[in-house]
Structures are given as C-alpha cells and as structure tokens.
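Oh and the sequence shown: position 108 is 402 in the working numbering, straight run, nothing missing.
Positions of the beta carbon are idealized from the N, C-alpha and C atoms, including for glycine.
These notes are about the structure you will find just below.
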Amino acid sequence: MNRSQYSPDRFCIKCRGKLIPLNPLMCPICDERIPYSMKFLNNARIGKNSLLRWVSTGILTLFFWQIIGGIPLISVCDILNNQSSWGYSCDLNSSTPSIKGPSFAPNFLLLHLVFVIGLFGFWLLSNTIQKKPLAKIITGRKRIDAERIVFAMLIAFIFYSVGLSAELIISNSNNIPLAIKYQGFSFDWGLLLVLAVLLVPIQAGLEEIIFRGYLLHALSLLVNNRVFLALSTASIFSVVHLSNPEPWNYGIGPYLLAIFMMGFFLSTITLIDGGMELAMGLHIANNLWVHLVVGLENSVINTPSLFLITTSNIQYESIFLPSLIQFSIMFVVFGLKYKWFNFNKSSKSISPASLI
Numbered sequence: 295m296n297r298s299q300y301s302p303d304r305f306c307i308k309c310r311g312k313l314i315p316l317n318p319l320m321c322p323i324c325d326e327r328i329p330y331s332m333k334f335l336n337n338a339r340i341g342k343n344s345l346l347r348w349v350s351t352g353i354l355t356l357f358f359w360q361i362i363g364g365i366p367l368i369s370v371c372d373i374l375n376n377q378s379s380w381g382y383s384c385d386l387n388s389s390t391p392s393i394k395g396p397s398f399a400p401n402f403l404l405l406h407l408v409f410v411i412g413l414f415g416f417w418l419l420s421n422t423i424q425k426k427p428l429a430k431i432i433t434g435r436k437r438i439d440a441e442r443i444v445f446a447m448l449i450a451f452i453f454y455s456v457g458l459s460a461e462l463i464i465s466n467s468n469n470i471p472l473a474i475k476y477q478g479f480s481f482d483w484g485l486l487l488v489l490a491v492l493l494v495p496i497q498a499g500l501e502e503i504i505f506r507g508y509l510l511h512a513l514s515l516l517v518n519n520r521v522f523l524a525l526s527t528a529s530i531f532s533v534v535h536l537s538n539p540e541p542w543n544y545g546i547g548p549y550l551l552a553i554f555m556m557g558f559f560l561s562t563i564t565l566i567d568g569g570m571e572l573a574m575g576l577h578i579a580n581n582l583w584v585h586l587v588v589g590l591e592n593s594v595i596n597t598p599s600l601f602l603i604t605t606s607n608i609q610y611e612s613i614f615l616p617s618l619i620q621f622s623i624m625f626v627v628f629g630l631k632y633k634w635f636n637f638n639k640s641s642k643s644i645s646p647a648s649l650i
C-alpha cells in the first residue's frame, strides 16, 4: 500500500471516507488501518511547507545551534586565555574548543549548552516559521511515547553491559591483554553523572529531531521511498560526524562504518515504528554509556569514564559483525514488543515492517 493513499486532510483516498478525529488511524468506511509509520511521514505536510520556509528554518537553526550556542563556551575561553582561573585553561587549537583543568565538568557543561540553545532555537523557529509542533516532528502518535524511550534505553544498556562483561571475563580467563583501562569512581565522575543525566537527553534528542525528524520529513516530500530516506539520512548523519576528532584518531573508514550502521538502524526503526522515540532512547543510552562507562582517550568530549579504551585504531571486523548482530536482535525485540510484524493473514491492518 502506498502511503499517499492517505491525505493529511484526514480523508481515506482509497474510499474517500472521512477519518474520525478521535481515531484517525482507522477508516470507518473500509476498515483500513493506517499505521503510525504512515502518519509520521504525513506529519511532514503539517504547517507551512514552502521551500523558502524549509531552507530558512534549517539555516537559522544552524545559526542558533552552532553560533549563538557557542557564545558561552567562547566567552569563557576568552576569559581563561586572558586570566587563568582555578587551574583551568582553554584549548582553541582543536576542531572543538575545550576547557582543560582539574575537573571535566565545566567543559562538559559548556559543550552541552550548545545543544540546549540549539534545541530552543529549533523549537522557536519551527513553530514560528513553519507552524510545526515539535511533537509532530518527533512522532506520528498523539503524544510522545516516553515508555518507548525508556524501553530502548534499557535494551541498549543490557546489550552494552553484556558485551563489556563478556570482554572482561574472556580477557581475564585467558590472560589476554585488553585495550581497556579501568579508571574507577571519583567525585568528578559523580558530578558528570548528574550533568550527563540532565544534558545528554537534550544533546542526543536534538540530533535525532534534526536527522530522523526534520531532515527525514523534508526529504520525504521530495522522494517517496523509505529505503532512500533511511540511506540518505544515515549518510548525512555520518558525514557530519567527521568534524569529531575520533575518525582522525582511530581510522576514518571504521568510524564512518560504525556511525552509518547506527544511523541507518535508527532511521529504519523510526520509519517502521512511526516515531523517533526508540531512536532517541538508543541514542541517549549510547552517549551516556560513552561518557560514563566506556570512553575513548581522544574523543570530542573527554570524561572520567569508568573504563577507557586505549587502542590506537579500530578495525573493520570489530565494527561490522558485532553491530550487525546487535542491531538485528534489537530489531526483533522491538518488532515483537510493538507488533511490527503482522502474522494474521486475514487482518486488513498493514504490517509496519512491510512498508520498508
């Protein structure tokens, strides 16, 4: 079934029956069920959608996010470069300005303020320029499903914990040198825990809203192909991450492969589930894990994580197969829980998974 079968004016194009406002996902005339995945893409047509408004919102969002959002960090850097305070200094030579000193907290806070300001800017611009409610960009449901976000985070933490435990057990039992160094708990880690719980959902949430929401909606108005939407948003998501130091320190190819596979999976489950709640949950969990549990020596935001990966490069084989297995199992788990697979042949409802 083509998603264009349903128009945003709440009429079923198949039989021209008017959809009931209280249940817009079911046609009362032909009993055809409209999956949330269709409604999510139809949300792209909500509001004002001239090319000028789409471009203006995108450019001004980048201005809010990258320029205005960076003012607090640049201002503090300017102060520290003129007068060192409490042992802190600012490094302006790297691709991302960073504050170095006794604690990681000031740098973490200021770098995440960029995303707080960026999210506020996007909310303001999308509402004023395009009249698009933020919730309609995020999901095809009546309201944002927080339970989905929490469930996805739980599944991600289970996968990450099992993987780390297995690696540590195998290494200890076979006396294999491990490229992971235990750093332990500290007061600074506790402080970062509080900041991360408050700020990482905003940072990861904004990235999901931009890539799996706004950008995906914009492209869906140009190309009516879900595979293209998943591939294109994943590709752009990967290219943007080249501004981070990780690909240049650990290998561009393997890093891009990891980001692309993650981006493609997040876009796919967003299209099938009819909202980005699951993608948000996975993205938030991934970033919390990297900041607090297993971090890299050279990353865009250095933190006192419990474990530190000390390897100098990342291999393709350590990325592709583990990621493929992990995402495949996650897909099945989400699909079974949220009934993506329609096993009832006689039902007139559409299986969301069949739309990809």
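Contacts around residue i, its chain only, beta-carbon distance under 7 Å, and the 5 residues preceding and following it disregarded
i	result
M447	G575, I578 and A579
L403	L489
N296	Residue placement at N296 is flagged as unreliable, the pLDDT there being 41, under the threshold of 50; the coordinate-derived value follows with that caveat. Cβ within range, chain order: n/a, list empty.
Y526	Per the sequence shown, residue 526 should be read as Ser rather than Tyr. Answer for S526: L513, listed in chain order.
I432	I438, I503, G507, G569 and M570
G545	N607 and I608
D482	S397, F398, A399 and P598
V627	I449
L487	L586
P366	L404 and L407
Residue j beta carbon less than 7 Å from that of residue i
i	j	result
R520	A573	no
K475	T597	no
S331	G568	yes
V408	G363	yes
S450	I438	According to the sequence shown, residue 450 is Ala rather than Ser. Cβ atoms of A450 and I438: not closer than 7 Å.
I340	K426	yes
T355	F416	yes
S532	L513	no
M555	T564	no
P548	I608	yes
S561	A524	yes
N466	P539	no
I595	A552	no
A338	H535	no
V410	I496	yes
H406	L493	yes
I530	W634	no
G484	A528	no
Beta-bridge partners of residue i, as assigned by DSSP
i	result
F601	Y476 and V588
S379	Y382
G569	T433
Same chain, Cβ closer than 6 Å to residue i, five either side skipped, listed in chain order
i	result
A498	H577, I578 and N581
W583	Y454
Q424	G341, K342, R347 and T351
S617	M555
F621	F559
L590	I603
E611	none
L515	A338
P541	Y549
Enclosing alpha helix (DSSP H) for residue i [first to last residue]
i	result
K286	Residue 286 lies beyond the stretch modelled for the chain, which goes from 295 to 650, so this question has no answer here.
F625	F614 to K631
I353	L345 to L356
A399	A399 to T422
Residue i: first and last residue of the uninterrupted beta strand (DSSP E) it sits in
i	result
D385	S383 to D385
S392	S392 to K394
Own chain residues within Cβ distance below 8 Å of residue i, not counting five before or after
i	result
C371	C384, L386, P391 and I393
K631	F445
G412	T355, F358, W359, Q360, G363 and L500
L374	Y382, S383, C384 and I393
N317	Legend: pLDDT at N317 = 45, less than 50; position of this residue unreliable, value from coordinates given subsequently. Nothing listed; no residue qualifies.
W380	G395 and P396
F414	F358
D303	Low per-residue confidence applies at D303: pLDDT is 42, beneath 50, and the placement is therefore not dependable, though the value from the model is reported in the following sentence. Nothing meets the Cβ criterion.
F522	L513
Short CB-CB distance (under 7 Å) between residue i and chain D
i	result
G569	No chain D appears in this structure, which consists of one protein chain only.
Whole alpha helix (DSSP H) elements within the stretch 494-546, 4-residue minimum: Taking 4 residues as the shortest admissible run, the stretch 494-546 contains the following complete alpha helix (DSSP H) segments, listed from N- to C-terminal end: 510-514, 520-534 and 540-544.
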